[in-house]
Amino acid sequence: MRPGEVINGRFELERVAASGGMGTVYRALDRATGAPVALKLIGQPDRSAVHRFEHEARILAELDHPRIVRHVAHGITPDGAPYLAMEWLDGESLAQRLARQRLDLDECLALLRAAAEALAAAHARGVVHRDVKPGNLLLVGGEVAGLKVLDFGIALMKRTIGPLTRTGSVMGTPGYMAPEQATGERERLDARADIFSLGAVLFECLTGRPAFQGQHVMALLAKLLMEDPPRVRHLRPELPQELDDFVARMLAKDPERRPRDGSAVLEALDALARDPSSGLSAMPVLYEAITTGELRLLSMVAAKDVRRGPADGSASTLVAAQPPELTTRLHSSAQPFRARVDTLADGTLLLSVAGEGDAIEQAARAARCALKLGELLPGASVVLATGRAEQTGSLPVGPVMDRAAALLALAEREPCAERTPAPVRIDDVTRALLDARFEIEAARSGTFLLLQEREVGRAARTLLGKPSPYVGRDRELRNLRELLEDSFGGPEPRAILITGPPGIGKSRLRYELVEILRERHPELTIAVGRGDSLSAGSPFSLLGSALRSAAGITGGEPAAAQRERLLSLVARAPSLAPGDRTRIAAFLGEIVGTPFPSEADPRFHEARQRPALMADQIPLAYLAFMEAACAAGPYLLVLEDIQWGDAASLKLISRVLRELRDRPFAVLYLARVEVRKAFPVLWEGSEIHEITLGALPRRAAEELVRQMLGDGLSPAEVARLVERASGNAFYLEELIRAVAEGRADRLPETILGMVEARLDAIPSEARRLLRAASVFGETFWKRGALALLGDSEGSTLAVDWLPWMLQRELLERREQGRFSDQEEYAFRHALIRDGCYAMLPDHDRALGHRLAAEWLLQAGEHDAKVLAEHFERGGEPRLAVELYLHAAEHALAGSDPAAAIALAERGLALGAERDVDAALREIHARASGMLDAEGVALASSA
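Note that the working numbering has the sequence shown beginning at 309, numbered continuously upward.
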C-alpha cells in the first residue's frame, strides 16, 4: 500500500505510522467523517493471523469506553487483506515516557486508576487483554490523564473458541505476563492475569525498573514463575506501606491472592481515598500459611527445540510449545530424579533438581535427568548448569538461571556434530561435581559436553551417611550399666539422673545403654517416656507418655481400641487379680488420656463423682500396676527431657521408688541442666544418683574428626574443629558435616551461627517446612506441618522433602506416634528445632500456633494445656482461657495444686469472661487451700 490509496472507498492512506511482524499501521483520513484514523493492515495473512486480526476487531467493536482505543471500522480490502480502523491518537506510549523519566506518585496512582477503568470495562464484557504492558498504554497528548489501552490482538474472550486458544497461540510479553500465562495454564486464565500485568507496570512506574529482569527470555520467564520481585519499599522506602502491600498482592503468583478484576482495583483505590489506613492493603487473602524465603545449591536442566525459535529471541510475543501428551511424559520421566518440571511460554523446558543428598549426588541426578531429557527430545538442545540460587518464591532462581539461559543460547549458536545420543552442554561447576562415571569432553567457549554415564534397622546416629562412632563415653556407659544392674539384683530400687546441656550426648548414651541392657538382660522390661516443651507441667504428661509407649497407644485409634491396649498392658502383670485389672486400667486411663466409661468399675464410678477420691485412686492404681509388673521381672523406666516434665508424674514416680524398695525397679532420668531449677525441691528426701555429662574429652573429639574426615586434615585444622565444638558432641558432628560439605570457611564462630550454617544447607522450601514443624515442638506430624503451609490435603512437598531431611539426619521418623493415623516425626536435635523456630517472624509464629492448635484439635489432642499454649501464642485468648480452665481442673484432680494455680492464673491473665473467670478463681482458691494444708502437714512432721 502507498500513501494516497483509498481502502474500500473510505480510508485514504497518508503515511506509515508503524510496522512490525503482524503488519503495518498507517495514518489515514476517514472520508466519512473527515477525522484521522489509525488503519492497521495485516502483512502476509495466514489462517491463524487472519483469525487473530478479526478477533481483535470484534472485541474493539464491542468495547466502547473512553479509556480504550475506539473502533471505527473493519473489513477486507479488495486484495483480500483484513484491515482495522481505529481512532487516531497523538501522544507517546508509557514505555517511551518511562525511558525519558519516572512518574511521580500521584501520576502512578492516576495511571493505575485509568488503566483499571479500561480493564474493568473489558473484564465486565468477559475480555482478558493478556498483553498489558507499557508499550500498549498510550498517553494521549503525553499526559497520564489521557491514557488509553491499545492492542487487543491476543485478548481472550470467555466465549472464544478455535485456533486462538490452541497450543501455538501467542501468549503475551515476557516480564509482564502472569505466571499462568507463562506456563500455558489456559484453564486458570481470567481477569486476574491482567491484574498481574498491571501490577508489573505499576511496579516499573514506581521504581524505575522492571519487576522481572533477565538477559535471556528463558531466564526472564523462569524468574516470572519462580521469583518474587523485590518489594516496592525496598527500592523506594519513602512510599506508603499500603501501596507496597497492594503491588505485592497484584503480583502474587497465585491468582487467588490477587484482586479479582479491574473493578476490584478501583474499589481498593476508592477505599484508600476514603480511609488511607484501610484501602490498598485490605485485599482478601483466601488462605493462610507460613511464608517463604532463602538460599541453596541448585542444578538446572533446560531444553529447547531449535525448530521452535531461538533461545535468545527478542520477540515480544511468545508461542506455547510442548503438546500436553509430551508434557505428561516429561513429568513422569522426571519423577525418579525428583525434578520439578516447568514449561515456559517460549517452549523452553526447565527441570530443577535440588534437595536430596550432597552436591555430588545432586549433580549426578541432574546429569542423568539431562541425558534422559535428551532421549525424549532428540531434536532439542539440552543444557545443565549448577550454582547458588536465591529463593524468594516457590522455587529458587538467580545467577544459575542466567547461566543456564546463556548455555542454551550458546548450544544453539554452536551446535555439536550429529551424535546419538545428543550430548548435553554443561558448565564448569557441574563438571567439577560429576565423577568418573560420566564421560565428559571439553567444548569451545569454556563449557563441556556430557556424553553418557558408564556402568560402574534402627541404628545409632549417623554422620555423613555412616553410623557415628561412639567415642569418649565408655566410662560413663560402664558406670551407668553397673549401677542399674546392681539395682535389679540389689536390696532397693535406684534412681539415676543424667544431666547435661543440649547436644552433649545424653540421648546417645541412653541409646547405647538400652541396647547393651537388652542384650544382657532379655527378661528386662524397658518403658520409655519423654517430656515436651509444650506439655511441660501438664499433669501426668510425662508418665502418660511412658504408659502410652508401653501399651502401644498412638492416640489416633478409637477410644475402645485404646482401652483394649491398656487392658492388655495390665494383663501382662500376671500377679494382678483378674477382678482388679479393669479398675487399674480405668485409673491408668486417666493418666494416659484414655477415659473408660464410669460403669467399667464401681470404685472408678465413685471416683468420677468425687474428684478428691479420683486424686487418691490414680496413684494407688499406678502403684499396684508397677508392683505387679516388677513381680514379673526387672523393670527400667526411662524418662527423657524431664525438664519439660510435670510435678504430678515425678511425685508419683518418687512414691513408687519409696514403696517398691524390695522390687527390681530402676528409673533413669535424662534432663538438661535446668531441671533442678524447674523442680527445685522435687527429690528432697529421695536418693538420686546424678551423673553430669561433661565436655567430650579432647582426645575423643580428635578421634571422631579423624575417623569421619580421614587423615587429610592437618593437626591445626583438627584442633580448630575441636576447639569450636567446645566438647559438645552435636556441635562437633555438625562442624564435621560442614567441613565434609565444603562449607568450613562460611561457618560463624558462635553456636547459633553453626546451627544457622547447617540450616543454610537445607533447601528453602524444606526450611519452611521445618519452621512449620517447629511450631509443634520437638515432635510433629506430617499433615500438621502441611496444614501450617496451607497444604492440608498434602502435596509432593512432604514426599520430596521429608525423606531428604531424614537422610540428612535432621529428622527421625517415629514408628509409634501419638496419633495412629498420622506420620510422626521428630527433630534429631533440639537445637535444630530451636533454630528453625527462631527463624519464624512474629506474624508467622502467631499464625503457626493458631493453625497448629486447630489441627491438633482435629487430630484428637486431649492435653488441654498443649492446646491452650498454642491458642495463647496464636493470639486467640478466648479459646486459650477455656482450655486453661480444663487443664487447671485436671491438675487439681491430679493432686497438683501448684500446677492448678499456675494454669488458673494464666487463664485469668488473659481476661476470662464472667462464668469462666469465676470457675478459674474457684480452682485457684481450692488449690491454694491444698497448698496451705500441705505446708501445715510438713511443718507438723518436722
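We treat Cβ as the ideally placed atom computed from N, Cα and C, and that holds for glycine.
Between the C-alpha atoms of A530 and V1013 there is a straight-line separation of about 42 Å. Contact annotation: A929 and I892 have beta-carbon atoms nearer than 8 Å. D1150 and D552 have their C-alpha atoms spaced approximately 20 Å apart. The C-alpha of P563 is placed about 29 Å away from the C-alpha of E1184. Contact between L1096 and A1080 holds, since their C-beta atoms are separated by about 4 Å, short of 8 Å.
The way I'd put it, the stretch 414-426 does touch the stretch 441-455; three or more beta-carbon pairs between them come closer than 8 Å. Exposed is the label assigned to Q521, since fewer than 16 other Cβ atoms lie within 10 Å of its Cβ.
Annotation: the continuous beta strand (DSSP E) that includes F756 extends over F756 to E761. Of the residues assessed, I668 falls on the exposed side of the cut-off, its CB having fewer than 16 other CB atoms within 10 angstroms. Taking a contact as a CB-CB distance under 8 Å, the pair A1206 and V1083 does not count as one, their CB atoms being some 28 Å apart.
Its chain contains L850, L851, S853, A854, S857 and L947 as the residues whose beta carbon lies nearer than 7 Å to that of G837, once the 5 sequence neighbours on both sides are disregarded; these appear in chain order.
For L528, the closest of L1077, E546 and A486 by C-alpha to C-alpha distance is A486.
The stretch 911-924 makes no contact with the stretch 950-968: fewer than 3 CB pairs, one atom from each, lie closer than 8 Å. Residue burial is scored here from C-beta neighbours: D387 has fewer than 16 other C-beta atoms within 10 angstroms and is therefore classed as exposed.
Annotation for A730: no beta strand (DSSP E) segment contains it, and DSSP assigns it neither H nor E. Under the three-state reduction of DSSP, K441 is assigned to coil, being neither helix nor strand. In the three-state reduction of the DSSP assignment, E720 falls in the helix class. Straight across, the Cα-Cα distance linking R568 with W1109 is about 33 Å.
Straight across, the Cα-Cα distance linking A611 with V345 is about 45 Å.
The beta carbons of H997 and R802 sit about 6 Å from each other, so the pair counts as a contact at 8 Å.
Runs of the alpha helix (DSSP H) lying entirely within the stretch 884-960 and spanning at least 4 residues, in chain order: 886-900, 910-917 and 919-939.
In summary, N1036 is buried, with 16 or more beta-carbon neighbours lying within 10 Å of its beta-carbon over all protein chains present.
Per DSSP, reduced to three states, the secondary structure at M485 is coil, with no helix or strand assignment.
Partner residues in the beta bridge of W1089, as assigned by DSSP, are E1132.
With a 10 Å radius around the Cβ and a threshold of 16 neighbouring Cβ atoms, G941 comes out exposed. Within the model, the alpha-carbon separation for P442 versus T651 is close to 26 Å. In the structure shown, K561 adopts coil according to DSSP, grouped into three states. DSSP places F554 within a helical segment (H, G or I) once states are collapsed to three.
Taking one beta carbon from each stretch, the stretch 366-376 and the stretch 310-327 have fewer than 3 pairs nearer than 8 Å; the two do not touch. Nearest neighbour of Q404 by Cα position, chosen from R360, C513 and I999, turns out to be C513. Secondary structure at D1152: helix, using DSSP grouped into helix, strand and coil. In the DSSP assignment, D794 falls within the alpha helix (DSSP H) that extends over D782 to G797. Under DSSP, G331 forms a beta bridge with G328 and I350.
For the stretch 344-419, the full-length beta strand (DSSP E) segments reaching 3 residues or more read 379-384, 390-395 and 399-401 along the chain. Comparing alpha-carbon positions, the option among E1117, H1194 and G1085 lying closest to R1153 turns out to be G1085. Distances from the alpha-carbon of L413 to those of G331, L347 and R541 put R541 closest.
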